[in-house]
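Right, one structure below, let's go through it.
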Ligand code: ATP
Ligand code: MG
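Numbering (my numbering), first residue to last: 5 to 857.
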C-alpha cells in the first residue's frame, strides 16, 4: 500500500510520500519538487509537468495549463467564459457541455475534456511517486480548494480514478495545512482546556483561502473558512500585463493582446517581475527581445507602482480575512498565530493586509510551497494501515450550506437546510419519511452567491421500491444522508422499516431482541465508512440529535401517519415479561437509490476515459522506447565519429575510416530526415549495421591494449614449466619422484605451446595496428589454461614420505618447510595445510605456555 499526498495547484503540484524516516516531498525526473500543472500535446506524444512547461511558448496552442478551475464545470459557466480570453489554447464545449480543449495531437485534431487532461496530470504525478517509492502507487490523498463544489470534487475523483489512483480522501487545502501544522506540535492544550486557535491563510495562483482552526492535544477542528476564488497570483500577473500591453501599444505600436504567443511571453515576464518586486522596492526592468513584429521591448516598474495598479485586488484580501474572523466567532486576542502558505503570501502588501486584520505579524512556521502536500501525505498515512501515526482527529467543515427538498403526495415541495455552512464534516444524518410509493429527494446548495454560480444543483436521489404497509398505510422510510470524507453530499442508504410478527421461544432473561432490533436501525449503527473516518466520533452523536429535529419536521408533514417509536419499546418489554410466543419485530429492508448527480460522468463514460488514458499511456511508452532507440543510434554516430579521429585512429585504415565516416554521416542525415520518425526495430537494425562496421575497430583497440599482458602471462607460464623440466633433467631430488612418462607429456606440451607462442608473437609484431590481430587475447589465455591444466598436477605431485622414517621433530619439520624451493610450491596451494599445521602447533605451544603461567 502506498502512502502519498498530492497537492494539485493551479500553477504547480507537489508530491509527498511517507517513508520510514517520515514525510518527504519528492522530486520529479528533473530533480524538481515543483511539477508544473501543464500538459502539452505534440505531433507524437504528450509531455506533462516540467517537460510540458518548456513547450508553453513553442507549442502554445496545444499546451494546457490553468485547467484546475474548469473541472466539473460546464462550458457556459461564467468563470470558464471569463478565463477563455487569457488562454492561448482553445476551449470548446465537449460532450455533455463540459469544458473541452481542442488540440492537435498525433497529427489529428482532438478534443479532450478537462477531466481527461487532469487524468493525464495524475498519470504523471503517480509516476513521480512510483519512481520515488520504487513500487506501484494507488492509495493517495489529494488536496482540493476548500471552495470546490460537489461537481468539482466528483470530477477530480473521476480524473484520479481514470489514472488508476485510489483516493482515500479529498482533503481541503487549508485543512491539510492545519494537519501539517498541528500534528508535530507537542505543546497543544489538553482537550478539556481552551483550544489554541490558529488562522491559516493560503494565497496561491488562482485563489485565496483561509481557515480558522481550533487545536487541542490530538485533534483539530475547523471553526470557519472563507475564500475568494478569483483572487490569486495570476490576477496580479494579468494586472501587470495589462499595464505593459497598454504601454507597448503607445511606445512600440504593437498590440500584445492580439498575439497569443506574445501574450504568453509577456505574462511569464510579468510573473517574474512580480516576484522580484516582492524582494525589491526599487525600479525593476522588464525586457523582451523580439516580442512581436520583430520588436524588442522594455519597460520598468517598482513595487509602489505595482501596489497602485493592483490596489483593488489587494483591497479584496481584507473582506475574506474579516469574514473568517467573524464567522469563527474568535476575537483577535484569542488567535494564537496566523500561519501563511501559498506563493502569493510572499507579496509584501498581502502580508501587510494580514497583519492589519489580525493585528500580528504572519508566521511562516510551515513550508510555504510544500505544506499542503505534506498534510495530504500525513492524512494518507493516518487512513492507511501501513504506518502507525500519532492519533489526531481532524474535524473539517462544510464550505456551503446544503438544502434538501422533497415533495409530499398532494402537497407543495418542502425543503430543509440539511447541512449549514461550517457544519462539521464528514457527517451523517438520518431522516424519516412516510411514503406509500417511490419518492425523490433533491439536493442543492442553499446559496447561489456563496458558490458564485447560478446553478445550485447537487443531485436528485430517487428512493425506489417503496410500498405501503400491509394495512395500506404509508411505510416508514429511514434515509441516511452524509457529507462524506471527500466533502461530497451523498445519500448513503435508504431503508424501509417493516414491522413483522415473529414467534419467540427464548426464555424471558434473553428476550432483549427488540432492543437489539432497534439497535440495528441505521441511525444507531456505525456503518463501515463511519468506522474508517477516524475523525468523527462527535459527529455521530450530533447526527442522532439533529436527526430528531429533521424527523419532527417530517412527522409534522403527515402527523396521522406517524408511528412514534418510543411507545413500542415498553410494549415489547411487557411482551417479554409475559413470555408470549409472538412479538413484533422491526425489519429493515434496503431500498435502491437511483442518483442523478449534477455534472457526473456515467460508468460507461468513465470506462471509456480509462480506456483512452491507457491508450495514451501505451503510446507514450512506445514513443519513449522509440526515442531511446533513436538516441542510441544518434549517440553511436557522434561517439564513433569522435573516436575515429582520436582514440581509434591507429586501429583503422584510412580507407576504412573514410568509408565508415561516410556511413556515419549519411546515418546522421537520415536521422534528421527520412529516419526521423521510424519504429524502434528500424533504429535497432540501423544500430546493428553501424556496429558491424565499428565493432572490428573497437575490438582491435581493445585487443591491442590487453594482448601484451596475455602474451606475458603465457611467457611466464612457459618459463615456469621450463624450469621444472630443467631441474628434472638435472635429477634434482625435489622432482625425482616424477615419472619419465609424465615429464614427457609436460615436455611435449611445453614445446607445442612455445612454438605457438613464438610464431604468433612474431606474426602479430609484423601486423599494423589497423589490421585484425592473428590471435585474440582469448586465444592466448586458452593456451595458458591448457598448459596449467596438464602441467601443474604433474609438477606439483607430492613426494611420498618413506614409511620407516620416524616423524620429524617439530623443529626439523619447520626447518624442512623453510628449505622448500618456493617456485614449485608457490602455485600448488598445497603449502596451506602445512602452514595451518604449523600455525596450530604454534597455537598449541602458546596454549601450553599459558598453562604454564
Ligand atoms: P492554487 O493554490 O491557487 O491552486 P498553486 O498552489 O499552484 O495555486 P502556489 O504554488 O501556492 O499556487 O503559488 C503560486 C503563485 O505564487 C504564483 O502566482 C506565483 O507567481 C506566486 N509567487 C511565488 N513566489 C512569489 C513571490 N516571491 N512574490 C510574489 N508572488 C509569488
Ligand atoms: Mg495551492
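Where is the CB? At the ideal position from N, CA and C, for every residue including glycine.
Give me the residue from the options with the minimum Cα distance to residue i.
i           : options               : result
residue 205 : 214, 338 and 199      : 214
residue 133 : 488, 587, 486 and 5   : 5
residue 120 : 611, 475, 505 and 690 : 611
residue 424 : 472, 451, 791 and 444 : 451
residue 414 : 392, 403, 408 and 440 : 440
residue 61  : 354, 636, 271 and 592 : 271
residue 105 : 112, 97 and 313       : 97
residue 725 : 749, 706 and 92       : 749
residue 783 : 649, 772, 358 and 707 : 707
residue 693 : 361, 789 and 671      : 671
residue 143 : 22, 196 and 659       : 22
residue 723 : 607, 82 and 788       : 788
residue 48  : 433, 131, 685 and 628 : 628
residue 757 : 717, 80 and 805       : 717
residue 152 : 24, 492 and 334       : 492
residue 276 : 673, 237 and 308      : 237
residue 594 : 502, 664 and 634      : 502
residue 442 : 429, 464, 426 and 469 : 469
residue 437 : 409, 630, 687 and 459 : 409
residue 500 : 474, 494, 591 and 428 : 591
residue 306 : 314, 92 and 704       : 314
residue 475 : 485, 487, 697 and 504 : 504
Looking at residue j and residue i, is the spacing between their C-beta atoms short of 8 Å?
i           : j           : result
residue 44  : residue 380 : no
residue 638 : residue 675 : yes
residue 220 : residue 192 : yes
residue 52  : residue 128 : yes
residue 417 : residue 467 : no
residue 189 : residue 396 : no
residue 870 : residue 239 : Nothing can be reported for residue 870, as the shown portion of the chain is limited to 5 through 857.
residue 234 : residue 178 : no
residue 465 : residue 597 : yes
residue 126 : residue 169 : yes
residue 345 : residue 362 : no
Using 7 Å as the cut-off, classify the Cβ of residue i as near or not near the heavy atoms of the ligand MG, replying yes or no.
i           : result
residue 376 : yes
residue 476 : no
residue 11  : yes
residue 346 : yes
residue 208 : yes
residue 177 : yes
Under the criterion of a Cβ to heavy atom distance below 7 Å, does residue i qualify as lining the ligand ATP?
i           : result
residue 284 : no
residue 143 : no
residue 350 : yes
residue 370 : no
residue 238 : yes
residue 278 : yes
residue 36  : no
residue 211 : yes
Given this structure, state the Cα-to-Cα distance separating residue i from residue j, to the nearest angstrom.
i           : j           : result
residue 721 : residue 643 : 39 Å
residue 50  : residue 56  : 8 Å
residue 419 : residue 603 : 22 Å
residue 326 : residue 295 : 42 Å
residue 351 : residue 282 : 5 Å
residue 367 : residue 461 : 39 Å
residue 709 : residue 770 : 17 Å
residue 7   : residue 196 : 32 Å
residue 9   : residue 79  : 30 Å
residue 12  : residue 377 : 8 Å
residue 483 : residue 248 : 58 Å
residue 65  : residue 108 : 8 Å
residue 400 : residue 430 : 7 Å
residue 394 : residue 187 : 8 Å
residue 689 : residue 622 : 23 Å
Closer than 7 Å to a non-hydrogen atom of the ligand GTP - does that hold for the CB of residue i?
i          : result
residue 32 : Summarising the ligand content, the structure contains the ligand ATP and the ligand MG and does not contain the ligand GTP.
Exercise for review: Determine contact between the segment 403-413 and the segment 451-463, defined as no fewer than three beta-carbon pairs at a distance below 8 Å.
Suggested key: yes
**Study point:** the segment 381-389 / the segment 165-175 touching (three or more Cβ pairs under 8 Å)
**Key:** The answer is yes - the segment 165-175 touches the segment 381-389, with three or more Cβ pairs under 8 Å.
Review point. Does the count of Cβ pairs from the segment 21-37 and the segment 242-258 closer than 8 Å reach three?
Key: no
Practice item. Specify whether the segment 108-126 and the segment 156-165 touch according to this definition: at least 3 beta carbon pairs, one from each stretch, less than 8 Å apart. Key: In short, these stretches touch, since the Cβ pair count reaches three.
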